[in-house]
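**Q** Once you know that position 41 of the sequence shown is 41 in the working numbering, the rest is easy, because the numbers rise by one and skip nothing.
Virtual Cβ for every residue (Gly too), placed ideally from N, Cα, C.
Just passing along the structure, written as structure tokens.
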Amino acid sequence: MSILVIGGVTLDILHLPNFSGPVTAPGGAGMYTALAGKCAGAPITLFAQRPEPLPDLLQPIAASLHWIGPTILASDLPWLEIAHYGGGKAALLNAHWGAQANDHASIASQRLVILRPDSPNRDGLPTASIGVPANVPRTKRWADIRRDKRKKTR
Numbered sequence: 001m002s003i004l005v006i007g008g009v010t011l012d013i014l015h016l017p018n019f020s021g022p023v024t025a026p027g028g029a030g031m032y033t034a035l036a037g038k039c040a041g042a043p044i045t046l047f048a049q050r051p052e053p054l055p056d057l058l059q060p061i062a063a064s065l066h067w068i069g070p071t072i073l074a075s076d077l078p079w080l081e082i083a084h085y086g087g088g089k090a091a092l093l094n095a096h097w098g099a100q101a102n103d104h105a106s107i108a109s110q111r112l113v114i115l116r117p118d119s120p121n122r123d124g125l126p127t128a129s130i131g132v133p134a135n136v137p138r139t140k141r142w143a144d145i146r147r148d149k150r151k152k153t154r
């Protein structure tokens, strides 16, 4: 069985102990979940916003995962700024949700279209899926949209 991970990819700004300045690194729970599944040997497809042009730091991610989803501007990619203090302590200093904040209803609609069992775009998509919510209120809105669309198709 193959697995579809629905989540997000970010470019995060990390403040790490013993580093002279911030470090930029790929992030996002969807990306981490997809990579973990791939490392465990599962065939994985990641459904997440994909920036164009693709930043250099995300090139290895794109090369190692089957990554599908709506195209966004690279400047609209979400990012988190996180301070790591050591000893398991960290703090979220800032967050920019980018296109996720500005176009959530459109993204949810695109997800629904591709995930519907009768969708012509569904061919070749995995049979099982995992959703990784980055923001609970946004995820609830997406679930509400999905439920409403299901009611309309019945």
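Under a three-way DSSP split, which group does proline 43 fall into?
**A** The answer is coil: DSSP assigns proline 43 none of H, G, I, E or B.
**Q** Do leucine 4 and threonine 45 have their C-beta atoms closer together than 8 Å?
**A** Cβ distance < 8 Å, so leucine 4 and threonine 45 count as in contact.
**Q** Would the stretch 12-23 count as touching the stretch 49-64 if we require 3 or more Cβ pairs under 8 Å?
**A** The stretch 12-23 is not in contact with the stretch 49-64.
**Q** Got a sec, what are the start and stop residues for the beta strand (DSSP E) proline 26 sits in?
**A** That run of the beta strand (DSSP E) goes 23-27.
**Q** Quick one: is valine 23 buried, meaning 16 or more other Cβ sit within 10 Å of its Cβ, or exposed?
**A** Exposed, by the Cβ-count rule.
**Q** If you reduce the DSSP assignment to three classes, tell me which class alanine 62 lands in.
**A** If DSSP states are grouped into helix, strand and coil, alanine 62 belongs with the helices.
**Q** What do you get for alanine 105, buried or exposed, if any count of 16 or more other CB atoms within 10 angstroms of its CB means buried?
**A** Summary for alanine 105: the model assigns pLDDT 47, below 50, so the residue's position carries little reliability, and this model does not support an answer.
**Q** Ordered along the chain, which non-local residues of its own chain (more than five positions away) have a Cβ less than 6 Å from that of tryptophan 97?
**A** Closer than 6 Å at Cβ, skipping near neighbours: Pro78.
**Q** Kindly indicate which residue of Gln100, Ala91, Asp148 and Ala99 has the alpha-carbon position closest to the one of isoleucine 13.
**A** Closest by alpha carbon: Ala91.
**Q** Name the one or two DSSP bridge partners that proline 53 has.
**A** DSSP, once it has assigned bridges, lists no residue as partnering proline 53.
**Q** Could you tell me which residues DSSP puts in a beta bridge with threonine 10?
**A** Note: threonine 10 sits in a beta bridge opposite Gly27.
**Q** On the three-state DSSP scale, how would you describe alanine 90?
**A** Looking at alanine 90 - three-state DSSP - the assignment turns out to be strand.
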